[in-house]
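Peer 1:
Number of protein chains: 2
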Amino acid sequence: MATQTKPILHGYFRSSCSWRVRIAFALKGVEYDQLPVNLIKDGGQQLTEEYKALNPMQQVPAVEIDGITLSQSLAVIQYIDETRPGPRLLPADPKARAQVRMISDLIASGIQPLQNLYVIQKIGAEKMQWSQHFIDRGFQALEPILKQTAGKYCVGDEISMADICLVPQVYNAERFKVDVGKYPTIKRLNEALLEIEAFQVSHPSRQPDTPDDLRA
Amino acid sequence: MATQTKPILHGYFRSSCSWRVRIAFALKGVEYDQLPVNLIKDGGQQLTEEYKALNPMQQVPAVEIDGITLSQSLAVIQYIDETRPGPRLLPADPKARAQVRMISDLIASGIQPLQNLYVIQKIGAEKMQWSQHFIDRGFQALEPILKQTAGKYCVGDEISMADICLVPQVYNAERFKVDVGKYPTIKRLNEALLEIEAFQVSHPSRQPDTPDDLRA
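What follows is the structure in structure tokens.
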């Protein structure tokens, strides 16, 4: 597919959903530009009318690509997978694809939404316990599923969208002081994936908008 | 694809995620068996060890199909789409597919998880206001997106996974007394979709486990 211009990622260094998209671009070897949206500064730059036109949910990421604007990270990742050459992000076999999507959605619908900024702002003072509770609840379900599906990575021995979802969720878990050591399969997979360059270059500690004190 | 046995849907009549899967089966003309899981009775039948083996997230739906067990409704729907004949549930064009997934994920990750039973049980007495707040927030974003993508249905003139997500979410909105009339595109699409047989036969008011007083 001919692409005239580089995709633009509107994201935030620490957003786990932005990180997912960065990993997908890196795995596919797609060059892109980043336009950081600071979720904290000025009361939240995602709340401006200008940004709302890109993503009415007032969340990151939003991606301008091939003349359209997409939000929702898994929709973006699957669009990248279906239109760009390079390694598949979903396996060819329908059952394995379904397992990849099941694991991805368990994280993207079952865990992450409950730590979204606009949710924990509403929770207020108890946000740490709230987040820990739902991450632990999700990881308790994810661990036995991964025990069945994983090889070297989440589903078999090929990197997939499931891995793209796992690593940023573990990063979030650590931010909220969840003891990831309780989940040996999750821990092992996360460590293996963090050895891979696409997961390293996309890491929150290495982005254009990473503050100096959090920079690797 | 040869299938020896009918798929089994473990679901609950009023669960919006179970309804999504029922719509997909109905649109594809796939016969399946239902094994109801009562989320209220006996403290919640989804919490048993037996059910936990089917879906460690202790949620409905879980689907036994082609020798595997899947949870997460969008993973199930896309597996059904990729392995069964009948009308496509995702369009052939990659950009339209991405829009279908964006709308589906906006609902499945951005709205529905915040009304999940295990979440609102934790919220307690304020669950009505909490649910209204997040449904309104999501519909305020969904309305301008659908204004751009919709034809007769959510994306163009073909029924897709986006429609499968929309109708059960509107049903939830009505349960939580959200004024859907504020969202004219959502309202119009929902009304058009409820005319279609696959959305009618799968409706919460017509399931094997629908209580008599809620039966249509």
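Chains as they are written, first to last, in full-length UniProt numbering: chain A, 1 to 216; chain B, 1 to 216.
Glycine included, every Cβ here is placed at the ideal spot set by N, Cα and C.
The structure displayed is predicted, hence computed values, not measured ones.
Determine the contact status of Y79(B) and R97(A), defining contact as a CB-CB distance below 9 Å.
Peer 2: Cβ distance < 9 Å, so Y79(B) and R97(A) count as in contact.
Peer 1: Check whether the stretch 181 to 199 of chain B touches the stretch 43 to 61 of chain B, counting contact only when three or more Cβ pairs, one atom from each stretch, lie closer than 8 Å.
Peer 2: Contact fails: fewer than three Cβ-Cβ distances are below 8 Å.
Peer 1: Using a Cβ-Cβ cutoff of less than 7 Å, which residues in the same chain neighbour residue 217(B) once the five nearest sequence positions on both sides are dropped?
Peer 2: Examination of residue 217(B) is not possible in this model, given that chain B is present from 1 through 216 alone.
Peer 1: Along the chain, where does the alpha helix (DSSP H) that runs through I164(B) open and close?
Peer 2: Its alpha helix (DSSP H) spans residues M161 to R175.
Peer 1: Find out if the Cβ-Cβ distance for the pair V76(B), P61(B) is shorter than 9 Å.
Peer 2: Yes.
Peer 1: Name the DSSP beta bridge partners of L35(B), please?
Peer 2: H10(B).
Peer 1: Kindly list, in the order they appear in chain B, the residues whose Cβ is closer than 9 Å to that of I68(A).
Peer 2: Under the 9 Å cutoff, chain B gives K95, A98 and Q99.
Peer 1: Kindly give me the distance between the Cβ atoms of A141(B) and V100(B), rounded to whole angstroms, as I take these residues to be in contact under 8 Å.
Peer 2: Wrong, their Cβ atoms sit about 16 Å apart, outside the cutoff.
Peer 1: Between D136(A) and K122(A), what straight-line distance do the alpha-carbon atoms span, to the nearest angstrom?
Peer 2: Those two C-alpha atoms are separated by around 20 Å.
Peer 1: If you scan the stretch 82 to 159 of chain B from start to end, which runs of the alpha helix (DSSP H) of 4 or more residues do you find wholly inside it?
Peer 2: The qualifying runs are 94 to 110, 117 to 123 and 127 to 149.
Peer 1: Any beta carbon from chain B within less than 9 Å of V60(A)'s own beta carbon?
Peer 2: With 9 Å as the cut-off, V60(A) does not count as an interface residue toward chain B.
Peer 1: For a test of the three-state rule: what should DSSP assign to L194(B), helix, strand or coil?
Peer 2: In this structure, L194(B) counts as coil in the three-state DSSP scheme.
Peer 1: Report back the beta-carbon spacing between M168(B) and S16(B) to the nearest angstrom; my notes put them in contact at under 8 Å.
Peer 2: As written in the sequence, residue 168(B) is Pro, which differs from the Met given in the question. With a Cβ gap of about 4 Å, P168(B) and S16(B) count as contacting.
Peer 1: Could you name the residues of chain B that Q78(A) contacts, counting a contact when the two beta carbons are closer than 8 Å?
Peer 2: Near Q78(A) (Cβ distances below 8 Å), the residues of chain B are R97, A98 and R101.
Peer 1: So, are the CB atoms of G11(B) and S18(B) less than 9 Å apart?
Peer 2: The answer is yes: Cβ separation under 9 Å.
Peer 1: Apart from the five residues just before and just after S104(A), which ones in its own chain have a Cβ nearer than 7 Å to its Cβ?
Peer 2: Counting only Cβ-Cβ distances below 7 Å, and skipping sequence neighbours, we find L74, M161, A162 and C165.
Peer 1: What is the rounded straight-line gap between the Cα of W130(A) and the Cα of L114(A)?
Peer 2: About 8 Å.
Peer 1: Given this structure, state the Cα-to-Cα distance separating T210(B) from E174(B), to the nearest angstrom.
Peer 2: Distance between the alpha carbons of T210(B) and E174(B): 18 Å.
Peer 1: Below 7 Å CB to CB, which residues in the same chain sit around K187(A) once its five sequence neighbours on both sides are set aside?
Peer 2: Closer than 7 Å at the Cβ level, and outside the excluded window around K187(A), lie V180 and G181.
Peer 1: Our contact map puts Q46(A) next to Q59(A) with C-beta atoms below 8 Å; I'd like the distance itself, whole angstroms only.
Peer 2: Their Cβ separation, rounded to whole angstroms, is 6 Å, which keeps Q46(A) and Q59(A) in contact under 8 Å.
Peer 1: What does the alpha-carbon distance come out to for the pair Y171(B) and D213(A)?
Peer 2: Roughly 47 Å between the two C-alpha positions.
Peer 1: Can you check whether the C-beta of W19(A) is within less than 9 Å of a C-beta belonging to chain B?
Peer 2: Output row for W19(A): interface = no.
Peer 1: Indicate whether at least one CB of chain A lies closer than 9 Å to the CB of H133(B).
Peer 2: At least one chain A Cβ lies under 9 Å of H133(B).
Peer 1: Taking only three categories from DSSP, how would you classify I65(A)?
Peer 2: In this structure, I65(A) counts as strand in the three-state DSSP scheme.
Peer 1: Going by beta carbon distance, what residues of the same chain come within less than 7 Å of Y183(A), once the five residues before and after it are set aside?
Peer 2: Here the set comprises F139 and E143.
Peer 1: Counting only beta-carbon atoms, is N55(A) nearer than 9 Å to chain B?
Peer 2: Interface residue, yes.
Peer 1: With a threshold of 16 other CB atoms inside 10 Å of the CB of R20(B), please say whether the residue is buried or exposed.
Peer 2: Looking at its Cβ environment, which holds 16 or more other Cβ atoms inside 10 Å, R20(B) is buried.
Peer 1: Would DSSP call S18(A) helix, strand or coil?
Peer 2: S18(A) falls in the helix class under three-state DSSP.
Peer 1: Compare the Cα-Cα distances from D157(A) to each of P91(A), G67(A), E50(A) and K6(A) and report the closest residue.
Peer 2: That would be P91(A), whose Cα lies nearest to the Cα of D157(A).
Peer 1: Within a Cβ cutoff of 7 Å, which residues of the same chain sit near E82(B), ignoring the five residues on either side of it in sequence?
Peer 2: Once the five neighbours on either side are set aside, E82(B) has no close Cβ partner at all.
Peer 1: Measure the C-alpha to C-alpha separation of I111(B) and L70(B) and round it to an integer number of angstroms.
Peer 2: Cα to Cα, the separation comes out at about 22 Å.
Peer 1: Could you tell me which chain A residues have their CB closer than 8 Å to the CB of I23(B), listed as they occur along the chain?
Peer 2: Per Cβ cutoff of 8 Å: no residues; I23(B) is ~17 Å from chain A at best.
Peer 1: Bridge partners for L74(B) per DSSP, in chain order?
Peer 2: BP columns for L74(B) are empty, so no partner.
Peer 1: So the alpha helix (DSSP H) K52(A) belongs to, where does it begin and stop?
Peer 2: It spans E49 to L54 - the alpha helix (DSSP H) in which K52(A) sits, taken as one unbroken run.
Peer 1: If distances are taken between C-alpha atoms only, which option among R206(A), T149(A), Q72(A) and P204(A) comes closest to I68(B)?
Peer 2: The residue with the shortest Cα to Cα distance from I68(B) is T149(A).
Peer 1: Can you tell me whether Y79(A) is helix, strand or coil according to DSSP?
Peer 2: Helix, per DSSP.
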